[in-house]
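Engineer: Numbering follows the working numbering, with no gaps: position 763 of the sequence shown is 789. Beta carbons are placed, not taken as given, at the ideal position from N, Cα and C, and that holds for glycine. Let me begin by handing over the structure; questions about it come next.
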Amino acid sequence: MQQDWPPYVINRPAYSLPDFDRKFDMKKRTFPIGQKVKKCFRCSGSRLKSLLFRHLPILSWLPKYKVKENLLCDVISGVSAGTIQVPQGMAFALLANLPPVNGLQSSFFPLIPYFFMGTAYQMVPGTFAVLSIMVGMECLKLAPESDFSHFNATINATVMDEDRMNEVRLGISGTLGCLTAIIQMGLGLMQFGFVAIYLSESFVRGFMTAAGLQILISVLKYIFGIKVPSYSGPLATINTLKDIVHGLPNTNIASLVFALISSVVIITVKELGARYHQKLPIPMEIIIVVVATAISGLLDLPDKYHIDIVGKIPLGFPAPILPTVSQWEGMLSSAFSLAIVGYVVNLAIGRTMAAKHGYDVDPNQEMFALGCSNFVGSFFKIHVICCALSVTLAVDNAGGTSQFSSLCVMLVVMVTMLALGHFLKPLPKSVLGALIAINLKNTLLQLSDPYYLWKKSKLDCCVWVVSFLATFFLSLPYGVTIGVSFSILVVIFQTQFRNGSEMAQIMDTDIYKDPKVYSKVKCIEGVKIRNYCSPLYFANTEIFRRKVIKKTGLDPGKLLLARKKLLKKQQKELDRQNKETKKRKPSSLVTMRSQTLSQQELQNDFDIGNGNPYPPPSPTSCVNFHCSDNELGEQSPDPDQPSASPVILDSQPIPFHTLILDLSGVCFIDLMGIKVLTKMYLSYEMLGIKLYLANVQAQVYEELEGGEMFEEGSVPRCHLFLTVHDAILCALQRSRNTGGCEKAEQDKKELVLNFQEDEERDLEQELF
């Protein structure tokens with residue numbers, strides 16, 4: 027049953043933009059730079075209070091905290107999540123090529139600043155696998171194992187000073203964390219939190235999937251208990267995988283059994299908990315760690331089966347160190363990658379939590395808070411941190427409501443560092459490797475993303491694939507650079523090669539649509555309408571101009587150049603005949619016949635020498651060029667005078683009298699775009715074609731004014747219209763007003779060109 031739509035009746039005059047602005051009293055908006063600068067640097071009590079509450083969000087939520095309702099849930103969720111943080115932190119320290127105690131330190135010190143400055147209430151900062159492996163690559167590059175190995179003649183073997191290597195790498199980790207923190211704090215204070223919007227979801231997912239694969243390959247050596255040399259830089263993952271495959275015959279069976287049993291138990295418990303919607307998750311990670319440590323220590327398995335274990339964990343807090351500033355120059359690219367990737371992960375998870383619980387996350391404050399967390403921790407040998415994903419999800423699932431949960435997580439880690447760490451010495455590293463591998467489950471499932479992305483958006487699929495391949499084969503910092511660059515190129519490609527369309531009137535309406543899409547349309551005789559749905563800027567102005575020419579079937583620049591070429595030929599013929607008439611009487615002048623050429627012949631004549639890629643369609647009218655016999659007869663036969671007789675050109679009606687550009691899809695325009703529009707107007711005007719602009723957005727109108735498009739001799743303001751229909755009505759009225767003798771005079775207007783060599787201008791350069 028057809029819906030009965032309400033009537034839509036409009037009775038108003040057709041407005042050009044200046045007429046509309048005058049009638050409805052348009053206000054001039056001014057944005058003085060001086061007042062903006064003064065406002066930014068103004069200091070008042072209210073502004074100071076606002077800044078204080080902005081950078082210390084705890085002042086906002088702590089007075090409103092409901093102790094009786096939320097404290098118990100926060101404590102329970104924090105303690106249970108802390109039992110996940112301890113083994114996970116130790117495991118991710120292995121990815122960073124650092125001793126396991128570094129993971130505990132990285133899970134403790136950064137939580138203190140974030141407790142006061144974080145805006146995501148369920149967020150728990152800590153180690154993150156991708157950042158850990160990026161830090162590990164930097165440690166390998168600046169402190170390779172070969173620098174700490176020497177040949178011991180007594181035992182006739184190569185010995186590595188592992189304690190010294192760990193000490194140096196901890197210093198490198200702290201220095202890298204300090205530089206990363208400074209970058210994050212600087213970007214946060216400069217309100218550069220918006221940089222995250224340039225990292226598309228396709229790029230992030232492709233990057234994270236490749237990083238997950240790299241992490242999985244990195245922990246296989248712990249799971250199989252084999253010795254593999256460390257690599258850094260491009261193709262490091264491929265070389266590591268090759269060595270692992272070659273080393274499989276030397277697998278330590280005891281390490282593999284520990285890893286397999288741990289994986290099966292954790293996966294089973296987690297799947298059952300998810301299936302039955304368990305409110306409070308069972309801390310299987312810490313249970314597995316405790317049980318594995320007890321079995322390994324009581325049965326003396328490390329000595330019997332040569333299992334690689336965690337080793338001694340020093341108790342207490344580490345002594346603070348100062349960063350080695352001289353190393354910053356070589357770390358800058360890695361630090362910037364760490365700063366951006368860590369912030370993107372933090373913001374993505376923070377926004378997810380905020381959307382779920384109904385509050386807002388400040389992007390700039392999150393970057394500043396994350397930078398402060400890394401800065402404080404860098405003096406205590408941490409490696410760069412962001413959101414601890416598994417721990418944050420555990421807090422949220424257990425009902426955590428505030429940063430008190432992260433405070434309880436911090437207390438659990440502190441107890442482990444001060445008292446319990448000594449008991450973790452016999453813990454097999456294969457168990458920590460299994461914990462890392464299990465946490466990669468959701469990340470590795472994203473390998474199926476290209477299958478679904480290809481159906482929805484092929485360009486997004488390309489971004490995913492490029493980001494994945496660059497990250498996997500060339501290392502994480504290169505992956506960030508190449509992935510972001512390719513994403514930006516995709517955006518430029520989408521804006522540069524957007525196709526507009528011709529438009530025609532929907533029957534008996536003021537609506538104009540693409541005639542290729544709708545059947546019940548009619549084209550307005552003598553009027554061409556073209557829309558464009560992209561910003562008009564330096565990268566696509568020439569494409570825009572060519573598309574307009576292709577859709578209208580008329581290139582004004584080439585037509586005028588073709589006229590010029592023909593007139594030059596005619597001028598040469600006149601000069602030749604003038605020389606012949608010197609020896610004759612003036613009365614014996616021969617009458618020259620007029621030449622008639624079609625538009626198609628003119629443009630083809632020009633295009634043969636210029637390789638035009640867009641041949642124009644079949645002609646719809648003719649343009650006649652002829653020299654007046656009277657003009658020839660009046661020419662002076664004096665040989666001393668230059669041949670400067672003007673050539674008169676009469677033209678029949680051309681295919682259309684008005685071209686309307688619908689700019690409703692243009693959101694901004696730069697000086698190159700303004701220049702192209704101005705030149706198009708002037709070239710069409712020389713042919714007697716009016717160029718109108720319709721649906722110009724307010725901001726674009728201001729940019730046109732600022733670019734001096736409406737200066738004297740350029741585009742008149744009255745050629746701007748509110749809608750396409752307003753422009754159509756004015757074009758038709760103008761066409762009717764030029765009827766009869768006036769229209770004939772308009773259609774036969776004369777174009778006078780003087781072809782003296784010293785006064786000739788390059789018309790092609792002037793027009794386009």
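Nearest to Gly-115 by alpha carbon, out of Leu-130, Ala-122, Phe-406 and Ser-103?
Structural biologist: If we check each option's Cα against that of Gly-115, Leu-130 comes out closest.
Engineer: For Gly-71, count neighbouring Cβ atoms within 10 angstroms of its own Cβ and tell me buried if that reaches 16, exposed if not.
Structural biologist: Gly-71 comes out exposed.
Engineer: Val-119 and Ile-462 look like a contact to me (Cβ under 8 Å); what is the Cβ gap, rounded to whole Å?
Structural biologist: The question names Val, but residue 119 is Ala in the sequence shown. About 11 Å separates the two Cβ atoms, so there is no contact after all.
Engineer: Which two residues bound the contiguous beta strand (DSSP E) that contains Ile-532?
Structural biologist: 530 to 532 is the span of the beta strand (DSSP E), which, as asked, contains Ile-532.
Engineer: So Gly-299 packs on Ile-308, CB below 8 Å; how close in whole Å?
Structural biologist: Sure, about 7 Å apart at Cβ, within 8 Å.
Engineer: Based on Cα-Cα distance, which residue from Tyr-718, Gly-691 and Ala-753 lies nearest to Ala-724?
Structural biologist: Ranking the options by Cα distance to Ala-724, first place goes to Gly-691.
Engineer: Please state whether the Cβ-Cβ distance between Val-408 and Pro-136 is less than 8 Å.
Structural biologist: Looking at the sequence shown, residue 408 is not Val but Ile. Cβ distance < 8 Å, so Ile-408 and Pro-136 count as in contact.
Engineer: Is it the case that the segment 350 to 362 contacts the segment 196 to 216, given that we only count it when at least three CB pairs across the two stretches are under 8 Å?
Structural biologist: Yes, they touch.
Engineer: Can you check which of these residues, Asp-45, Pro-58, Leu-121 and Val-93, is closest to Leu-458 by C-alpha distance?
Structural biologist: Minimum Cα distance to Leu-458 is reached at Leu-121.
Engineer: Using 10 angstroms around the beta-carbon of Met-17, count the other beta-carbons present and answer buried if the total reaches 16, otherwise exposed.
Structural biologist: Lying before the first or after the last residue shown, residue 17 is absent from the chain, which here runs from 27 to 794.
Engineer: Under 8 Å by Cβ, that's how I've got Val-702 and Phe-519 pegged, so tell me the actual separation to the nearest angstrom.
Structural biologist: Actually they are not in contact, since the Cβ atoms of Val-702 and Phe-519 sit about 20 Å apart, beyond 8 Å.
Engineer: Inspect the beta-carbon positions of Ile-333 and Lys-451 and report whether they are closer than 8 Å.
Structural biologist: No; because the gap between Cβ atoms is not below 8 Å, this pair is not in contact.
Engineer: Express the C-alpha separation of Thr-427 and Arg-377 in angstroms, rounding to a whole number.
Structural biologist: Approximately 15 Å, taken between the alpha carbons.
Engineer: Who pairs with Tyr-718 in a beta bridge, going by DSSP?
Structural biologist: The partner list for Tyr-718 (beta bridge, DSSP) reads Ile-686.
Engineer: Do Pro-151 and Cys-413 have their C-beta atoms closer together than 8 Å?
Structural biologist: Result yes, Cβ atoms of Pro-151 and Cys-413 sit closer than 8 Å.
Engineer: Classify Pro-33 as buried or exposed, calling it buried when 16 or more other Cβ atoms lie within 10 Å of its own Cβ.
Structural biologist: Answer is exposed; the Cβ neighbour count stays below 16.
Engineer: Return the Cβ separation of Ile-243 and Leu-267 in integer angstroms, given the expectation that the two are a contact with Cβ distance under 8 Å.
Structural biologist: Right, their Cβ atoms sit about 5 Å apart.
Engineer: What is the DSSP secondary structure of Pro-454, counted as helix, strand or coil?
Structural biologist: Note: Pro-454 maps to strand in three-state DSSP.
Engineer: Going by DSSP, what residues sit across from Tyr-538 in a beta bridge?
Structural biologist: Paired residue(s): Gln-531.
Engineer: Starting from the Cα of Thr-469, find the closest Cα among Ala-236, Gly-397 and Val-371 and give me that residue.
Structural biologist: That would be Ala-236, whose Cα lies nearest to the Cα of Thr-469.
Engineer: For Gly-104, name the three-state secondary structure that DSSP assigns.
Structural biologist: Three-state DSSP puts Gly-104 in a helix.
Engineer: Between Phe-174 and Met-191, which are expected to be in contact by the criterion C-beta below 8 Å, what is the C-beta distance as a whole number of angstroms?
Structural biologist: With 8 Å as the limit, Phe-174 and Met-191 qualify as a contact, their Cβ atoms being about 4 Å apart.
Engineer: Which residues in the same chain have their Cβ closer than 6 Å to the Cβ of Ala-107, if we skip the five residues on either side of it in sequence?
Structural biologist: Only Val-417, Ala-420, Val-421 and Val-435 meet the Cβ criterion.
Engineer: Which residue's Cα is closest to the Cα of Tyr-257: Phe-177, Cys-693 and Met-160?
Structural biologist: Comparing Cα positions, the closest option is Met-160.
Engineer: Report yes if the CB atom of Cys-756 is closer than 8 Å to the CB atom of Ser-76, and no otherwise.
Structural biologist: For Cys-756 and Ser-76, no; Cβs fall outside 8 Å.
Engineer: Measuring alpha carbon to alpha carbon, tell me which residue in Gly-219, Gly-552 and Leu-730 is nearest Thr-684.
Structural biologist: Ranking Gly-219, Gly-552 and Leu-730 by Cα distance to Thr-684 puts Gly-552 first.
Engineer: Taking the alpha-carbon of Pro-170 as reference, which of Glu-188, Met-698, Thr-153 and Asn-465 has the nearest alpha-carbon?
Structural biologist: It is Glu-188 whose Cα lies nearest to the Cα of Pro-170.
Engineer: So Ile-84 is in the alpha helix (DSSP H); what residue range does that whole segment cover?
Structural biologist: Run containing Ile-84: 84 to 87, per the alpha helix (DSSP H) assignment.
Engineer: What did DSSP end up calling Ile-312 once you bin it into helix, strand or coil?
Structural biologist: In this structure, Ile-312 counts as helix in the three-state DSSP scheme.
Engineer: Report yes if the C-beta distance between Thr-497 and Phe-233 is below 8 Å; otherwise report no.
Structural biologist: The answer is yes: Cβ separation under 8 Å.
Engineer: If we cut at 8 Å on Cβ distances, does Met-52 have a partner in chain B?
Structural biologist: The chain labelled as chain B is not found in the depicted structure, where only one protein chain is given.
Engineer: Under the three-state reduction of DSSP, which class applies to Leu-628: helix, strand or coil?
Structural biologist: Low confidence applies here, because Leu-628 scores a pLDDT of 45, under 50, leaving its location unreliable; read the following figure in that light. Note: Leu-628 maps to helix in three-state DSSP.
Engineer: May I have the straight-line CA-CA distance separating His-393 from Gly-212, to the nearest angstrom?
Structural biologist: A small fix is needed here, since residue 393 is Met in this sequence, not His. Near 9 Å, if we compare the C-alpha coordinates of Gly-212 and Met-393.
Engineer: Quick one: grab the DSSP three-state call for Arg-68.
Structural biologist: Of the three classes helix, strand and coil, the one that applies to Arg-68 here is coil, per DSSP.
Engineer: Exposed or buried, Ala-320, counting other C-beta atoms within 10 Å across all chains shown (16 or more means buried)?
Structural biologist: Exposed is the call here.
Engineer: Whole angstroms are fine: how far does the CA of Leu-286 sit from the CA of Ile-464?
Structural biologist: Approximately 11 Å between the Cα atoms of the pair.
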